[in-house]
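Everything below concerns the one structure shown next.
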Amino acid sequence: MAEEDQVVTVDQDLGVAEGARNLGYAHMSVESALGKTLYDYDSTMGRDLTLIMHLKLWLKVFKRLLRPSSLLWVSQNFNPPAPQRVKTKVLQRYAFLEGNWIETGTYLGDTTRFLAKTFPSARVTSLEPDFTLFSFNKSRLRKFQNIKLVNSASENSLDDLVSNETSTINLWLDGHFSGDITFRGQTLSPILEELQIIERNIPRLKVCVFVDDIRDFSGDEQTGYPSKNKLVEWANRNNCEWHIEMDIFIAKSRVW
Ligand SMILES: C[S@@+](CC[C@H](N)C(=O)[O-])C[C@H]1O[C@@H](n2cnc3c(N)ncnc32)[C@H](O)[C@@H]1O
Numbered sequence: 115m116a117e118e119d120q121v122v123t124v125d126q127d128l129g130v131a132e133g134a135r136n137l138g139y140a141h142m143s144v145e146s147a148l149g150k151t152l153y154d155y156d157s158t159m160g161r162d163l164t165l166i167m168h169l170k171l172w173l174k175v176f177k178r179l180l181r182p183s184s185l186l187w188v189s190q191n192f193n194p195p196a197p198q199r200v201k202t203k204v205l206q207r208y209a210f211l212e213g214n215w216i217e218t219g220t221y222l223g224d225t226t227r228f229l230a231k232t233f234p235s236a237r238v239t240s241l242e243p244d245f246t247l248f249s250f251n252k253s254r255l256r257k258f259q260n261i262k263l264v265n266s267a268s269e270n271s272l273d274d275l276v277s278n279e280t281s282t283i284n285l286w287l288d289g290h291f292s293g294d295i296t297f298r299g300q301t302l303s304p305i306l307e308e309l310q311i312i313e314r315n316i317p318r319l320k321v322c323v324f325v326d327d328i329r330d331f332s333g334d335e336q337t338g339y340p341s342k343n344k345l346v347e348w349a350n351r352n353n354c355e356w357h358i359e360m361d362i363f364i365a366k367s368r369v370w
């Protein structure tokens, strides 16, 4: 489908629809989840704006590649956060090899890309509520047949995605506000809601759940970050082995 004719379905999230309209995708129809057309939009000026935004995001990707983050991490006594490539190795080490992947928070698409390349027979679904980041990744990751990008917050769409899985699934729960243009919902992190959704489905699924940035889990539920104990209780209640490695909480179903 030509980009000009693309239809973006959003989960009744008018904020996202507004974003699409502001970015001015030519001939783009933005529809709600119910199929009601919210906007038919036609603009060429908006295209230039989109191009500038995408160039800015590409610059960020290249900066990340050039930055000697590993050296910095070593010189700072291995204090978190670990560099991206160290974190992705943890995902690779503990995941169920036969499982599909769901990531919350695509951001620049680095981990999405890593997962699609490392697990070529898995379906990698990534949720990103920010429309600019979503459209950037649509373009950046277009070559990967096994990636599905969803322009929605996990509160709105994770339940559907998990419900559609039939046996084994790996979840990289990393969707939270992180400054800059990233999406900010009612709370900084939707992790409690995400864990509830997974728990409802767990009786029929084998899961490996990775929760990033565990150092931030201080127990101040106003921010959306529960205490680390809450995660441990969740793992025990759901018959998962758990441990923490490289600032990532890993809870894995005991193999039946
Ligand atoms: C730390 S970044 C994700 C990094 C990415 N997962 C990676 O490994 O490279 C957090 C992302 O989560 C997104 N986000 C914020 N709130 C969210 C929510 N409620 N549901 C899903 N994603 C969310 C932000 O827009 C941002 O792009």
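Count along the sequence shown starting at 1, add 114, and that's the number in our numbering.
Using N, Cα and C, we set each Cβ at its ideal position, and we do this for glycine too.
Let me know the secondary structure DSSP gives residue i once reduced to three states.
i, result
"residue 365", "strand"
"residue 168", "helix"
"residue 307", "helix"
"residue 337", "coil"
"residue 347", "helix"
"residue 356", "strand"
"residue 177", "helix"
"residue 324", "strand"
"residue 295", "coil"
"residue 257", "coil"
"residue 275", "helix"
"residue 244", "coil"
"residue 300", "coil"
"residue 98", "For residue 98 there is no data in the structure shown, the boundaries of the chain being 115 and 370."
"residue 193", "coil"
"residue 234", "coil"
"residue 250", "helix"
Please look up how many angstroms separate the CB atoms of residue i and residue j, rounded, as I've assumed it's under 8 Å.
i, j, result
"residue 354", "residue 208", "In fact, because the Cβ distance is near 12 Å, the residues do not count as touching under 8 Å."
"residue 276", "residue 305", "The pair is not a contact, with the Cβ atoms about 14 Å apart (cut-off 8 Å)."
"residue 164", "residue 249", "7 Å"
"residue 239", "residue 257", "Not a contact, Cβ separation roughly 17 Å."
"residue 338", "residue 303", "4 Å"
"residue 202", "residue 251", "In fact, because the Cβ distance is near 17 Å, the residues do not count as touching under 8 Å."
"residue 210", "residue 320", "6 Å"
Tell me whether the beta-carbon of residue i lies closer than 8 Å to the beta-carbon of residue j.
i, j, result
"residue 255", "residue 223", "yes"
"residue 213", "residue 282", "yes"
"residue 324", "residue 348", "no"
"residue 334", "residue 288", "no"
"residue 316", "residue 352", "yes"
"residue 269", "residue 307", "yes"
Which same chain residues end up closer than 7 Å to residue i when comparing Cβ atoms and leaving out the 5 residues on each side of it in sequence?
i, result
"residue 175", "222"
"residue 233", "215"
"residue 170", "none"
"residue 187", "196 and 197"
"residue 309", "348"
"residue 253", "168"
Spatial neighbours of residue i within its chain, please: C-beta separation below 8 Å, excluding the five flanking residues on both sides.
i, result
"residue 178", "198, 222 and 224"
"residue 295", "244, 246 and 247"
"residue 137", "Note that residue 137 scores 43 on pLDDT, short of 50, meaning its location in the model is unreliable; the coordinates nonetheless yield the value given after this. Contacts found: 160, 163, 164, 167, 245, 246 and 249."
"residue 340", "305, 306, 331 and 333"
"residue 183", "197 and 198"
In chain order, what residues of the same chain have a beta carbon less than 6 Å from the beta carbon of residue i, not counting five sequence neighbours either side?
i, result
"residue 264", "241 and 271"
"residue 149", "Reliability fails at residue 149, whose pLDDT of 40 lies under 50, so the model's placement of it is uncertain and the value that follows must be treated cautiously. So the list is empty, once near-sequence residues are dropped."
"residue 194", "329 and 361"
"residue 356", "349 and 365"
"residue 298", "291"
"residue 229", "215 and 238"
Which residues share a DSSP beta bridge with residue i?
i, result
"residue 216", "239 and 285"
"residue 332", "341"
"residue 262", "239"
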